[in-house]
Amino acid sequence: MAYVAVKGGERAIEHAHAWLAEERRGDPALPELTVAQVEQQMSLAVDRVMAEGACFDRGLAALAVKQARGDLIEAAFLLRAYRTTLPRFGASMPLDTGAMRVRRRISATYKDLPGGQVLGPTFDYTHRLLDFALAAEGEPPPPAPESPAEAAAMPRVTGILAQEGLMAAEPHSEAEPGDLTREPLAFPADRPLRLQALARGDEGFLLGLGYSTQRGYGNAHPFVGEIRLGEVAVEIVPPELGFAIEIGDLTVTECQMVNQFAGSRTEPPQFTRGYGLVFGHGERKAMAMSLVDRALRAAELGEDAEAPAQSQEFVLYHCDNVEATGFVEHLKLPHYVDFQSELEKLRQLRATAMQEAAE
Amino acid sequence: MSTATGYNFAYLDEDTKRMIRRAILKAVAIPGHQVPFGSREMPLPYGWGTGGIQVTASIIGPQDRLKVIDQGADDTTNAVSIRRFFARVAGVPTTERTSEASIIQTRHRIPETPLREGQILVYQVPMPEPLFRLEPRVAETKRLHAMADYGLMHVRLYEDIARHGHIAISYNYPVMVNGRYLMAPSPIPAFDNPKMDRMPALQLFGAGREKRIYAVPPYTAVRSLDFEDHPFEPVRAKAACALCGSRESYLDEVVTDDRGGRMFLCSDTDYCGERQAAVQRDAAE
Amino acid sequence: MTQPLAAGFADPVLEAQHCFRALLEAMSRPGRVQRLAGALAPPAPLNLAAAAALLTLADADTPVWTDAGADAEAWLRFHAGCPLVAEPGAAALLLACGAPPSPPALEAGTEEEPHRAATLILQVTALEEGTGWRLSGPGIEVAHRLRVAGLPADFLVAWATNRARFPCGVDVVLCAGERLAALPRTVLIEEG
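Protein chains in written order, with the numbering used here: chain A, 1 to 359; chain B, 1001 to 1285; chain C, 2001 to 2192.
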């Protein structure tokens, strides 16, 4: 009898876990992937998991990728669930990305600029041809040629524009930014909170939204002022010391998108910025984030705000892939109680409708 | 009492529990009002009971006995999974008997056995906002609750009656709590709604993904929305349970073959089992 | 010379859980008196129930106002880590050993966010069930009787004003020795 099949949930779960472990390992005749290999050779997957898992730890992120069989949303979820149990010791000082040790830095708005353009490790000008040489186990590639480090500082492009008064000034605030991992979002959400949500948000969702602003759903005229990738120092001020000490480095990708702004009654026409910052090397995400950040400022800048990317609630409530995947996937949990109610209700409604038709 | 090493009793850290406990007390003080809380990522996915789990984790102690049901049954996989989670992280005894439990965490049902004082019913809630299909903007629904402006819902129900002759909501049927707040009872069948009214047990609702907690204190009026000429009517299959013969309990319809054969069984497995055992006892005597 | 700091909960996890369940039961069934177990020995003038309630609910996120004096403040700061505020209106939790601040001076929440209202813990001299005030409202089947000794004379007048502001309004926890009872903002209190 069908009824018996739903019994024994406990045993079914145990068996499913065992099967999952077997599938994860794959063919035991092949050597097992180490966490270090994932960390080193699937580094962009690790970066994405750190960004969306909102926890900077390459080793844990690599473990999550391995445990999740390469499912990056599942891996981000594992990392989040771990992160949430950690005690909160304090907050860091704001990162100074101006002092970044830059490995890549490009601007689309200036041909050359102080500090120069640094292409760095990028897919951008590769030809997307499958490299069958990689399929064979080979020697490591020869070391990349190193150019002498530029001594010149690398001022931010937005700073250069600001000097000329062309870039809207960002209000400076010493206020402690909100923390959406501790307080639920409330609307209207201020920009620090929005940026926090976007930085944790799903790359694919933000990519689609950013793209929509380029296609007329939101009036965007973006230029990449600058993208930079590199290491920045993390500093904290322990209360017992009273001054900042460095506790380590983070790899981050920052994108500053320059956008037109027509001006308002109180503000002259000028450029405004959209901002993106993500853990690790996550250029696509940083760019998409900066487009969406700018779109979300539409209302405060007095622009029309009708497009999906310009709606705070729409974007912020739906960009978190751990929330989204949970709720979408919960549809596979049993719903037969509700479905039974719907069945009975539908039978009742149809009976009423047919009776009326017959009369 | 053995618990998983490396984690606090009942998984959550004490700071998180305190934050949730403060939210629960305010929820009880304002019956039916949704209190936002700093919901944490749980080791189970959002939508799978994270709100209920956080509420249970914040109230449970070693003196408790926990029952977990999904669709009325103790043996559905998600109920098993959540019960195992608490057995592992809190080491509390669990039970399948409604009458023996001090805390019952549920998804989609209220047990058939009437609950009593001293028991707490914890609902897993996917969408805490009863108005969300009519007004998706949270900032706006917050305003409507502040003004107790529930015209949108009344219009919706009225339109149902105009079109179908009945209110077409069969589960998650909206209720008014203590005459003030419109509340989503979670996706329980409308059949269960009357059990919420003046229930002797405390009812707590946790929505993890939506980050809301709300409550109905004991003996509090919970009224299913209706109209004088179209009173609320809970729906139940017109059949008896094939196992225990109950004509009062809520039934699952089980398809037995591909020729239209079907049977009906109690959705509440504990209730059904108790009734079958009673019949066997009577027969043995 | 300062006294050595009195200890907090011996078992912070389980004692907080025990005290919270008493608070939850008290708030859910207004007028029912809960009795706390445990060996908490807070500094004077704190009584056991009030001290346990504060350790259970207060932390760095809850500004606390109290008139309990320096020893109690030092104890709270150390064991609960809560900020102490001078303005009753700025507090999320208040503990009054003497005359309580008047309810209109306290945070009562807003129509949209009534849950932001403060919780007022009042130390009283005695709490007894089955006699005294007649309480009714959510959490109460018909009526609960509660006798409270040691409240200011105008408490019921202030309470009626507080209740009339629903959904705004403060919630009160009454503590006497190791006993506690609660008055959520919904409860109707009648004399005799």
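All residues carry an ideal CB built from backbone N, CA and C; glycine is no exception. Remember, predicted model here, so these are calculated numbers, not experimental data.
Query                                                                                                                     : Result
Completely contained beta strand (DSSP E) runs for the region 211-290 of chain A, where each covers 3 or more residues    : 222-236, 245-261, 270-279
Closer than 9 Å at the beta carbon, the chain B residues around residue 2139(C)                                           : 1028, 1031, 1202, 1217, 1218, 1219, 1220
Against chain A: residues of the region 1076-1098 of chain B by CB proximity under 8 Å                                    : 1076, 1077, 1078, 1079, 1080, 1081, 1084
Whole-angstrom distance between residue 1128(B) and residue 1121(B), CA atom to CA atom                                   : 16 Å
Beta-carbon spacing of residue 2052(C), residue 2019(C) below 8 Å                                                         : yes
Expected contact under 8 Å - CB spacing of residue 288(A) and residue 229(A) to nearest Å                                 : The Cβ separation is near 16 Å, so there is no contact.
Interfacial residues, the region 2003-2022 of chain C to chain B, with Cβ spacing under 8 Å                               : 2012, 2013, 2014, 2016, 2017, 2018, 2020, 2021
Candidates 1273(B), 1180(B), 1021(B): closest to residue 1241(B) by CA position                                           : 1273(B)
Residue burial classification, residue 1119(B) (beta-carbon count within 10 angstroms, cutoff 16)                         : buried
Partners in chain C for residue 1178(B), counting only beta-carbon separations shorter than 8 Å                           : 2138, 2186
Residue 93(A) in three-state terms, based on DSSP                                                                         : coil
Which listed residue (1277(B), 1244(B), 1283(B)) has its alpha carbon closest to that of residue 1267(B)                  : 1244(B)
Candidates 183(A), 191(A), 115(A), 77(A): closest to residue 53(A) by CA position                                         : 77(A)
is_contact[residue 345(A), chain B] using C-beta, thresh 8 Å                                                              : yes
Residues of the region 2111-2125 of chain C whose Cβ lies closer than 9 Å to any Cβ of chain B, in chain order            : 2111, 2112, 2113, 2114, 2115, 2116, 2117, 2119
Spatial neighbours of residue 209(A) in its chain, beta-carbon cut-off 6 Å, leaving aside the 5 residues before and after : 292, 309
First through last residue of the beta strand (DSSP E) which encompasses residue 1253(B)                                  : 1251-1255
Opening and closing residue of the beta strand (DSSP E) in which residue 1106(B) lies                                     : 1103-1107
The region 12-30 of chain A: positions lying closer than 9 Å to chain B by Cβ                                             : 12, 13, 16
Chain B contacts from the region 2075-2088 of chain C (Cβ-Cβ distance under 8 Å)                                          : none
8 Å contact criterion, which residue 2144(C) and residue 2030(C) should meet: CB distance rounded                         : 6 Å
Exposure label - residue 188(A); buried when at least 16 CB within 10 Å                                                   : exposed
Closer than 7 Å at the beta carbon, the chain B residues around residue 84(A)                                             : 1040, 1041
Residue 2177(C) (DSSP reduced to helix, strand or coil)                                                                   : coil
Range of the contiguous beta strand (DSSP E) that encloses residue 2147(C)                                                : 2144-2149
Same chain, Cβ closer than 8 Å to residue 2090(C), five either side skipped, listed in chain order                        : 2063, 2065, 2107
8 Å Cβ cutoff met for residue 1288(B) and residue 1172(B)                                                                 : Since the first and last residues shown for chain B are 1001 and 1285, residue 1288(B) lies out of range.
Residue 2165(C) beta carbon near the ligand GDP (any heavy atom closer than 7 Å)                                          : Of ligands this structure carries none, so the ligand GDP is not represented either.
Amino acids of chain C, ordered along the chain, whose beta-carbon sits closer than 9 Å to that of residue 1293(B)        : Outside the displayed range of chain B (1001 to 1285) lies residue 1293(B), so it cannot be described from this structure.
Member of 2191(C), 2021(C), 2077(C) whose CA lies at the smallest distance from the CA of residue 2153(C)                 : 2191(C)
Cβ of residue 1014(B) within 8 Å of any chain C Cβ                                                                        : yes
Cutoff 7 Å; reference residue 24(A); Cβ partners in own chain excluding five residues on either side                      : 69
Neighbour flag for residue 1035(B) against chain C, beta carbons, 8 Å                                                     : yes
Chain B contact for residue 300(A) (CB, 8 Å cutoff)                                                                       : no
Three CB pairs or more closer than 8 Å across the region 1102-1109 of chain B and the region 1066-1075 of chain B         : yes
Cβ contact check for the region 1043-1053 of chain B and the region 293-301 of chain A: 3 or more pairs under 8 Å         : no
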